[in-house]
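Peer 1: My structure is below; once you've seen it, I'll send some questions.
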Amino acid sequence: MKTDFAELTSNFTFEGTFIDAVPYGFGHINGTYLARFKQTDGTLHPYILQRINQNVFKCPPQVMHNMQRVTEHLRTKIADAGGDTSRGTINLIPTITGNVFYQAADGEYWRAETFILDAKSYLRATSLEHNYHAAYAFGTFQKMLSDFPITDLHFTIPDFHHTPKRLDAFCASVESDPFNRAREVQTEIDFVLTRARHTRTLIELQEKGAIPERVTHNDTKIDNVMIDDLTGEGVCVIDLDTVMPGLAVYDFGDAVRSGANAGAEDEPDLSKVWLDLEVFDRLTHGYLDAARDFLTPTEIDHLPFSAILMTLECGLRFLADHINGDVYFKTRRPHHNLDRARTQFKLIQDMETHFAEMVQIVAAYR
Ligand code: ADP
Ligand code: GN1
Ligand code: MG
Numbered sequence: 000m001k002t003d004f005a006e007l008t009s010n011f012t013f014e015g016t017f018i019d020a021v022p023y024g025f026g027h028i029n030g031t032y033l034a035r036f037k038q039t040d041g042t043l044h045p046y047i048l049q050r051i052n053q054n055v056f057k058c059p060p061q062v063m064h065n066m067q068r069v070t071e072h073l074r075t076k077i078a079d080a081g082g083d084t085s086r087g088t089i090n091l092i093p094t095i096t097g098n099v100f101y102q103a104a105d106g107e108y109w110r111a112e113t114f115i116l117d118a119k120s121y122l123r124a125t126s127l128e129h130n131y132h133a134a135y136a137f138g139t140f141q142k143m144l145s146d147f148p149i150t151d152l153h154f155t156i157p158d159f160h161h162t163p164k165r166l167d168a169f170c171a172s173v174e175s176d177p178f179n180r181a182r183e184v185q186t187e188i189d190f191v192l193t194r195a196r197h198t199r200t201l202i203e204l205q206e207k208g209a210i211p212e213r214v215t216h217n218d219t220k221i222d223n224v225m226i227d228d229l230t231g232e233g234v235c236v237i238d239l240d241t242v243m244p245g246l247a248v249y250d251f252g253d254a255v256r257s258g259a260n261a262g263a264e265d266e267p268d269l270s271k272v273w274l275d276l277e278v279f280d281r282l283t284h285g286y287l288d289a290a291r292d293f294l295t296p297t298e299i300d301h302l303p304f305s306a307i308l309m310t311l312e313c314g315l316r317f318l319a320d321h322i323n324g325d326v327y328f329k330t331r332r333p334h335h336n337l338d339r340a341r342t343q344f345k346l347i348q349d350m351e352t353h354f355a356e357m358v359q360i361v362a363a364y365r
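Taking numbering that gives the first Met the number 0, I'd label the letters of the sequence shown as residues 0 to 365.
Structure below.
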C-alpha cells in the first residue's frame with residue numbers, strides 16, 4: 000500500500016509544513032525516508048522518518064523502549080562531558096500524543112528523528128582515518144553505556160549473535176531447501192560446515208563468565224556512524240534497533256567485517272575482496288583508544304577472532320537467506336544474497352591467512 004506521507008507526518012510534532020518524503024540510505028532492513036518541511040522563513044528542513052521492519056523486529060514497541068532509554072542515557076553522558084546533544088545521539092521526534100512511535104492504521108510502526116546536519120554516513124570509508132574515527136565512535140558508544148542498567152533492555156531480536164543457533168538455523172535451511180538452491184552452493188555450504196567449531200568459542204567464554212555481557216550496539220557496520228563533514232570525526236552512532244545485551248567484541252568484529260573489506264559487501268568480483276590490514280590497523284587503534292580502559296584482557300585477546308566469527312555469522316546468514324528465497328535482507332538483484340555470502344567467505348579466508356598480523360596489530364595498541 001502506498002504511504003500517504005502528508006497524513007503520516009501529521010501525527011508527529013514536526014516543525015513546518017510537509018513538502019515531500021523520499022527513500023534514503025542503503026540499509027538492508029528498515030524503510031528510511033528523508034522528509035522535508037518548509038519553515039516560516041521559506042527554508043526546507045530535513046527529518047528522518049523510518050518504518051520499522053516487522054518481519055525482523057517482532058515487537059517494535061520494545062525496540063522503541065530500548066531506543067528511548069538508551070538515547071536518554073547518551074544525552075545525559077554527552078551533556079555531562081560538555082558535548083552537543085543535538086548531534087551526538089539520535090534524537091527522537093515525539094508524536095502529537097507524546098509517544099516515541101506511531102502505529103498507522105495498516106499496522107506499520109513509524110518513528111521520526113531529527114536529521115543530523117553537516118555529517119554523512121558512508122558505505123565505504125573515505126580515508127584511512129575515517130576508520131579510526133568510526134571505530135572510536137563505536138568504542139565510545141559502548142563506554143557511555145557501560146553504566147546503563149542492562150536489565151532495562153529488551154532483546155529486540157533474541158539470540159541475535161548466538162552463532163551456534165545461527166548455524167542450526169542455517170543447517171535447517173539447507174535441509175529443507177525450499178527453492179532447490181542448496182545443490183548449487185555446496186562449496187559455500189561446506190565452507191561454513193568446516194568452520195562450525197568456531198561458532199561456539201565466544202558463547203562458551205560468556206557462559207563460563209570469562210567474558211562479560213555488556214550493552215552493545217550489535218550492528219556496527221561502518222555506515223552506522225555519521226562522520227562530520229568538516230572534522231572527519233565520528234559525530235553519532237545511528238541505527239539503534241539492535242542495542243541490547245551482547246559482547247563488546249561482536250561490535251569490534253562487525254566493524255572489521257564491514258570496514259576492512261577492500262571490496263563492497265556485495266562485490267561479485269572476488270578478486271576485489273580482501274582484508275585490508277591498514278584499515279584493520281586504524282579500526283583497532285580507534286576502537287582501543289576508546290575502549291581499552293574498560294575491556295578485560297580476555298576481551299582484547301579475542302578481538303582478531305571476533306572479526307572472523309562475525310564475518311562467518313554474517314556470511315552464513317546471507318547464504319541461508321539465499322537458500323530460503325531472499326526473505327530477510329533486502330535484495331536488489333538475483334543472487335544478491337549469494338554474492339554477499341561469497342564476499343564474506345573470501346574475507347574469512349584472507350583473515351585466516353593474515354591472522355598472525357591481526358594479532359600483532361592488536362598487541363601494538365592494547
Ligand atoms: P537501516 O537499519 O536500514 O540501516 P539506518 O538507521 O542505518 O537504517 O538509516 C539509514 C541511513 O539513513 C543511514 O545510513 C544514514 O545515512 C541515514 N540516517 C539515519 N538516521 C539519520 C539521522 N538521524 N540523521 C541523518 N541521517 C540519518
Ligand atoms: C543488516 O540494517 P543494516 O543494513 O545496518 C543486519 C545486520 C547485518 C547487515 C549486513 C537487524 O544491517 O545484522 O550484519 O545487514 N541487521 C539486522 O550488511 O539483521
Ligand atoms: Mg544502517
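Where is the CB? At the ideal position from N, CA and C, for every residue including glycine.
None of the values given here were measured: they were computed from a predicted structure.
(1) Between the stretch 71-83 and the stretch 167-187, do at least 3 Cβ pairs fall closer than 8 Å?
(2) Please work out which residues of its chain come closer than 7 Å, Cβ to Cβ, to ARG339, disregarding the five sequence neighbours upstream and downstream, and give them in chain order.
(3) Just to confirm, is the Cβ distance from ARG86 to CYS235 under 8 Å?
(4) Identify the residues that DSSP records as bridge partners of VAL236: which are they?
(5) Per DSSP, which one or two residues make a beta bridge with ALA111?
(6) Use the C-beta contact count for THR96: other C-beta atoms within 10 angstroms, 16 or more gives buried, fewer gives exposed.
(7) At what residues does the alpha helix (DSSP H) containing VAL248 begin and finish?
(8) ASP105 by DSSP, collapsed to three states: which one?
(9) To which residues does DSSP link ASP19 through a beta bridge?
(10) Taking 8 Å as the cut-off, decide whether the C-beta atoms of TYR135 and ALA289 are in contact.
(11) Taking the beta strand (DSSP E) that VAL214 falls in, what are its first and last residues?
(12) Taking 5 Å as the limit, name every residue whose beta carbon sits nearer than that to some heavy atom of the ligand MG, in sequence order.
(13) Could you check what DSSP says for THR84 in three-state terms: helix, strand or coil?
(14) Our contact map puts LYS271 next to GLY258 with C-beta atoms below 8 Å; I'd like the distance itself, whole angstroms only.
(15) Under 8 Å between the Cβ atoms of ILE226 and PHE279?
(16) Confirm, please, whether the CB-CB distance from LEU308 to ARG165 is below 8 Å.
(17) Comparing alpha-carbon positions, which option in LYS142, ALA104 and LEU201 lies nearest ILE377?
(18) Out of TYR327, HIS335, CYS313 and HIS334, which one is the CA nearest neighbour of GLN343?
(19) Is the beta carbon of THR330 within less than 7 Å of some heavy atom of the ligand GN1?
(20) Could you check how far apart the C-beta atoms of GLY231 and VAL224 are, in whole angstroms? I think they sit under 8 Å.
(21) At which residues does the alpha helix (DSSP H) containing ASN65 begin and terminate?
(22) Give me the Cβ distance between ASP240 and VAL99, rounded to the nearest whole Å; I'm assuming they're in contact under 8 Å.
(23) How many angstroms separate the CA atom of ALA209 from the CA atom of THR297?
(24) Confirm, please, whether the CB-CB distance from PHE137 to TYR286 is below 8 Å.
(25) So the alpha helix (DSSP H) ALA124 belongs to, where does it begin and stop?
(26) Would you list the residues sitting across from MET243 in a DSSP beta bridge?
(27) Who are the Cβ neighbours of PHE49 in its own chain at under 6 Å, not counting the five residues just before and after it?
(28) Helix, strand or coil, according to DSSP, for LEU276 in the structure here?
(29) Cutting at 6 Å between CB atoms, please list the residues of its own chain near PRO45, excluding the five before and the five after it.
(30) Are TYR101 and ASN10 close, meaning C-beta to C-beta below 8 Å?
(31) Flag ASN29 as yes when its Cβ comes closer than 7 Å to any non-hydrogen atom of the ligand ADP, and as no otherwise.
(32) Could you say which of GLY41, PHE328, HIS160 and PHE25 lies nearest to ALA306 if we only look at CA atoms?
(33) State the DSSP-derived secondary structure class of PHE4, mapped to helix, strand or coil.
Peer 2: Straight from the coordinates:
(1) no
(2) GLU264, ASP265 and PHE317
(3) yes
(4) VAL224
(5) LEU48
(6) exposed
(7) 247-258
(8) coil
(9) ARG35
(10) yes
(11) 213-215
(12) GLY26, ASN223 and ASP238
(13) coil
(14) With a Cβ gap of about 15 Å, LYS271 and GLY258 do not count as contacting.
(15) no
(16) no
(17) Residue 377 lies beyond the range of the chain shown here (0 to 365); nothing can be said about it.
(18) CYS313
(19) no
(20) That pair is no contact at about 12 Å.
(21) 59-79
(22) In fact, because the Cβ distance is near 13 Å, the residues do not count as touching under 8 Å.
(23) 7 Å
(24) yes
(25) Element bounds for ALA124: n/a, residue is neither H nor E.
(26) THR215
(27) With the sequence shown as reference, residue 49 is identified as Gln, and Phe is not the correct amino acid for it. If we look at GLN49 and ignore the five residues flanking it on each side, its Cβ neighbours are ASN29, THR31 and ARG110.
(28) helix
(29) LEU33, ARG35 and PHE114
(30) yes
(31) yes
(32) HIS160
(33) helix
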